[in-house]
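Undergrad: Heads up: the protein sequence lines correspond to chains A and B, in order. Here the first sequence is numbered in this note's numbering, starting from 10 and rising by one per residue. Here the second sequence is numbered in this note's numbering, starting from 3 and rising by one per residue. Beta carbons: idealized from backbone N, C-alpha and C, even for Gly. This is the structure I want to talk about, given as structure tokens.
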Amino acid sequence: MSSSVPLPPPSQGLPPVKPPSGKFIAQLFLVPGLIVTVAVLVLLFFSWFVGGESAPDELLKRLGDANADIRWRAANDLAQRLRRDDDLASNPKVALRLVENLQARLRDYEEAQRQFVEQAARASDEERQREQNSLRDKRKDIQYLSPCLGNLIIPVGAPLLCEIAKKDQGADEKSLALLRRQAVWSLGNLGDNLKRYDKLSPERKQAVLAEMESEAATGPASTRTSAEETLRYLRQVQDGTSPSSLGVIPTLVLCARAEDPFVREMTAHALNFWHGDAAEERQAERALVQLAGDKGTGKRIEIGEQD
Amino acid sequence: MSQINWWSKHGMTVIAVATALALVGVVIWLNRPGSLHAPERVPSSAMSPTGWEIRYNATLALARRGSDKVPLDELQEMLNEDQQLRNFTAQTQNGEPTADEQAARMTVIKALEATGALHQKQPKLDLRALNGAIDKLTHSANLTVREKAQATQKELAN
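Now the structure itself:
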């Protein structure tokens, strides 16, 4: 009898290769597909719940909110939307409401500045600080709204931006410089954005003109003049004549003589984008020749984060 | 045999050290001044006189309008890549001044485009004073500047 070492079990071969069943393939694609769909739906629901892109009416409404942060956020969102949405940027109603809003904010700010100057001597330090903070908030309203007018593609806001750009007297030198620079910058943007109007479809242009006519006839008194001037401008553009620049070139010519070299720099930049009638073109050329020899003299006002 | 043993023991180390030295040499060569990869240091020569930002914007606007009053000397300066690298400065993370290459090259490119636009609107205006500067730009280290300069040369030749 021989004792023998038990043999190792025969090696098992690979399992037999079977083609995948329909059920297996369905599991391979369906299950991940379902997971991704559910995840996307959850994300969409969450963003809708938290607040995605708001309707323009909603943004305009928030521009009048009592809370300053909500107003500024709404103005900032609107300015960004106007850059990429040609329909919104050519909407006469939205444009004129923005003009109305900025007009009101400007009046508030000027009135508040006047009162601050009158009462500053009598007020305590604490009251003066509180008033300065309130003035700063009112100034920020204007700062946030000016870019909205600059991002439109119809020049409804041009006269109001010119009004701000021309101001060279104010209680606070830094605030004046800030608002003036921003207005000139917004005028430059507006001039550049007017090219987007040329690219609108004929139907859209007709709709814009029709709505502008309606606003000029029946809109609020505060914006009727803006509507009429813009309508005249757009009709001249349509006819192929060179419309006047709605006062922009004369304003920029004035800004070309500003003490602040930064305003002069932005004026030179803005004059790249505005053209007017023959007389305005000659004025613009003279101002540019003067700026092309500028020595950078004047009072450069430095504005810091705390300002 | 002992030599073979030495190489078999230390061969990998020698190869690694030689590779490291070669890499260091390549990096130094790539970062030599004037190379495509070297960060531009701010040359010690002067920036343009004060107010250059205003003058440049105004010059571009005049050129784009096709004005015959455009100051060609300012346009020539804008086409000087070295000068623009001196004008546009930024700071590295260590606080060292360095050239803002993107801004400098953008200025040069805008000047080239404005030259083309000026020639289109005023074909009879003598722009030969700019030929030297544009020709130099056709040898720029930056591809976009080179191509733009070549295109502008062709436009001016028409």
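Leaving out the 5 sequence neighbours to the left and right, which residues in its chain are closer than 7 Å to M49/B when beta-carbon positions are compared?
TA: Position 47 of the second sequence, counting from 1, holds the residue named residue 49/B. Excluding sequence neighbours, M49/B sits near R88, N89.
Undergrad: Mind pulling the chain B residues with CB within less than 9 Å of G305/A?
TA: Taking the first sequence and counting its residues from 1, one reaches residue 305/A at position 296. Chain B residues near G305/A: P51, T52, G53, W54, E55, I56, R57.
Undergrad: With 7 Å as the C-beta to C-beta threshold (strictly closer), list the residues of the region 269-299 of chain A near chain B in chain order.
TA: If the cut-off is 7 Å between Cβ atoms, the region 269-299 of chain A has P270, R273, E274, A277, H278, L280, N281, E294, L297, V298 near chain B.
Undergrad: In angstroms with no decimal places, state the Cα-to-Cα distance between P101/A and A77/A.
TA: Locating residue 101/A in the first sequence gives position 92, where the first residue counts as 1. Locating residue 77/A in the first sequence gives position 68, where the first residue counts as 1. Taking the straight line from one Cα to the other gives about 26 Å.
Undergrad: Check this for me: beta carbons of Q6/A and Q191/A, under 8 Å apart or not?
TA: Because chain A in this structure spans residues 10 to 316, residue 6/A falls outside the shown range and cannot be described.
Undergrad: Do L196/A and G256/A count as a contact pair if the criterion is CB distance below 8 Å?
TA: Residue mapping note: residue 256/A aligns to position 247 of the first sequence, counting from 1. Residue mapping note: residue 196/A aligns to position 187 of the first sequence, counting from 1. No, these two residues do not count as a Cβ contact at 8 Å.
Undergrad: Using the C-alpha atoms, what's the distance from R93/A back to H39/B?
TA: Within the second sequence, numbered from 1, the residue matching residue 39/B stands at position 37. Within the first sequence, numbered from 1, the residue matching residue 93/A stands at position 84. For H39/B, the pLDDT reaches just 49, beneath the cut-off of 50, and the residue's location in the model is therefore unreliable, leaving the point undetermined.
Undergrad: Can you tell me the Cβ-Cβ gap for L199/A and A167/A, rounded? I've got them flagged as a contact below 8 Å.
TA: The residue labelled residue 199/A in the question sits at position 190 within the first sequence. The residue labelled residue 167/A in the question sits at position 158 within the first sequence. With 8 Å as the limit, L199/A and A167/A qualify as a contact, their Cβ atoms being about 6 Å apart.
Undergrad: Taking T61/B as the query, report the chain A residues whose CB atoms sit under 7 Å from its CB, ordered along the chain.
TA: Here residue 61/B refers to the residue found at position 59 when the second sequence is read from its first residue. Going along chain A in sequence order, the residues near T61/B (Cβ under 7 Å) are A301.
Undergrad: Please give the ranges of any alpha helix (DSSP H) in the region 123-185 of chain A, keeping only runs that are unbroken, at least 4 residues long and fully inside the region.
TA: Counting only runs of 4 or more, we get 134-159, 167-175.
Undergrad: For A296/A, which residues of its own chain have a beta-carbon under 6 Å away from its beta-carbon, when the five flanking residues on both sides are left out?
TA: As a first step, residue 296/A must be located in the first sequence, where it is residue number 287. Excluding residues within five positions, the ones whose Cβ falls inside 6 Å are V262, A265.
Undergrad: Report yes if the CB atom of A104/A is closer than 8 Å to the CB atom of V165/A, and no otherwise.
TA: Locating residue 104/A in the first sequence gives position 95, counting from the first residue. Locating residue 165/A in the first sequence gives position 156, counting from the first residue. Contact: yes.
Undergrad: Sort L111/A, S30/A, S251/A, E127/A by Cα distance to L169/A and report the nearest one.
TA: Locating residue 169/A in the first sequence gives position 160, where the first residue counts as 1. Of L111/A, S30/A, S251/A, E127/A, the residue nearest in Cα terms is L111/A.
Undergrad: To the nearest angstrom, how far is it from the Cα of Q95/B to the Cα of D102/B?
TA: Indexing the second sequence from 1 puts residue 95/B at position 93. Indexing the second sequence from 1 puts residue 102/B at position 100. Roughly 13 Å separates the two Cα atoms.
Undergrad: Helix or strand or just coil, what does DSSP make of P125/B?
TA: On the second sequence, position 123 is the one that residue 125/B refers to. Coil.
Undergrad: Which of the three DSSP states, helix, strand or coil, is assigned to D207/A?
TA: The residue given as residue 207/A occupies position 198 in the first sequence. D207/A falls in the helix class under three-state DSSP.
Undergrad: Excluding the five sequence neighbours on either side, which residues of its own chain have a C-beta within less than 8 Å of the C-beta of I310/A, listed in chain order?
TA: Counted from its first residue, the first sequence places residue 310/A at position 301. The answer, listed in chain order, is E182, K183, A186, D269, F271.
Undergrad: Would K71/B count as contacting chain A if we go by Cβ distances under 8 Å?
TA: As a working note, residue 71/B is residue 69 in the second sequence. Yes - at least one Cβ of chain A is within 8 Å of the one on K71/B.
Undergrad: How far does the beta strand (DSSP E) with Q93/B in it extend, from its first residue to its last?
TA: Working through the second sequence from its first residue, we reach residue 93/B at position 91. Residues 91-93.
Undergrad: With 16 other CB atoms within 10 Å as the buried threshold, where does L37/A fall?
TA: If you number the first sequence from 1, residue 37/A lands on position 28. Label assigned to L37/A: exposed.
Undergrad: Cutting at 8 Å between CB atoms, please list the residues of its own chain near L115/A, excluding the five before and the five after it.
TA: In the first sequence, residue 115/A corresponds to position 106, counting from 1. So the qualifying residues of the chain are I151, L169, E172, I173.
Undergrad: Quick check: what's the CA-CA separation for A35/A versus L97/A?
TA: Numbered from its first residue, the first sequence carries residue 35/A at position 26. Numbered from its first residue, the first sequence carries residue 97/A at position 88. In a straight line, the C-alpha of A35/A is about 45 Å away from that of L97/A.
Undergrad: Interface residues of chain A around R66/B at Cβ under 7 Å?
TA: By 1-based counting over the second sequence, the position of residue 66/B is 64. The answer, in chain order, is N281.
Undergrad: Whole angstroms is fine: what's the gap from A88/A's alpha carbon to A22/B's?
TA: To locate residue 88/A, count along the first sequence from 1; it is residue 79. To locate residue 22/B, count along the second sequence from 1; it is residue 20. Spanning the two alpha carbons is a distance of roughly 54 Å.
Undergrad: Taking the alpha-carbon positions, what's the W2/B to V29/B distance?
TA: There is simply no residue 2/B to check, as chain B begins at 3 and stops at 160 in what is shown.
Undergrad: Counting only Cβ pairs nearer than 7 Å, list the residues of chain D close to E76/B.
TA: In the structure shown, chain D cannot be found, because the protein chains are A and B.
Undergrad: For A131/B, count the other beta carbons within 10 Å of its own beta carbon; 16 or more makes it buried, fewer makes it exposed. Which is it?
TA: For the purposes of this step, residue 131/B is taken as residue 129 along the second sequence, with counting starting at 1. Classification of A131/B: exposed, given that the 10 Å Cβ count is below 16.
Undergrad: Short of 7 Å in beta carbon distance, which residues of its chain neighbour R137/A, apart from the five on each side in sequence? Order them along the chain.
TA: The residue given as residue 137/A occupies position 128 in the first sequence. So the list reads A129, once near-sequence residues are dropped.
Undergrad: Taking C-alpha atoms, which residue in A288/A, L23/A, R233/A, R148/A lies nearest to P259/A?
TA: Counting from one through the first sequence, the residue named residue 259/A turns up at place 250. Cα-wise, what sits closest to P259/A is A288/A.
Undergrad: Could you tell me whether any Cβ in chain A is nearer than 8 Å to the Cβ of A40/B?
TA: Residue mapping note: residue 40/B aligns to position 38 of the second sequence, counting from 1. Note that A40/B scores 49 on pLDDT, short of 50, meaning its location in the model is unreliable; the coordinates nonetheless yield the value given after this. A40/B does not count as touching chain A.
Undergrad: Just the Cα atoms here: how many angstroms apart are S251/A and E290/A?
TA: Within the first sequence, the letter at position 242 stands for residue 251/A. Within the first sequence, the letter at position 281 stands for residue 290/A. If you take the alpha carbons of S251/A and E290/A, they lie about 10 Å apart.
Undergrad: Alpha carbon to alpha carbon, how far is P229/A from G68/B?
TA: Here the question's residue 229/A lines up with position 220 in the first sequence. Here the question's residue 68/B lines up with position 66 in the second sequence. Approximately 42 Å, taken between the alpha carbons.
Undergrad: With distances taken Cα to Cα, identify the nearest neighbour of K150/B among R107/B, K123/B, D128/B, Q122/B.
TA: For the purposes of this step, residue 150/B is taken as residue 148 along the second sequence, with counting starting at 1. It is R107/B.
Undergrad: Given a cut-off of 8 Å on the beta-carbon distance, is the pair G305/A and G53/B in contact?
TA: For the purposes of this step, residue 305/A is identified with residue 296 of the first sequence, where counting begins at 1. For the purposes of this step, residue 53/B is identified with residue 51 of the second sequence, where counting begins at 1. Yes; because the gap between Cβ atoms is below 8 Å, this pair is in contact.
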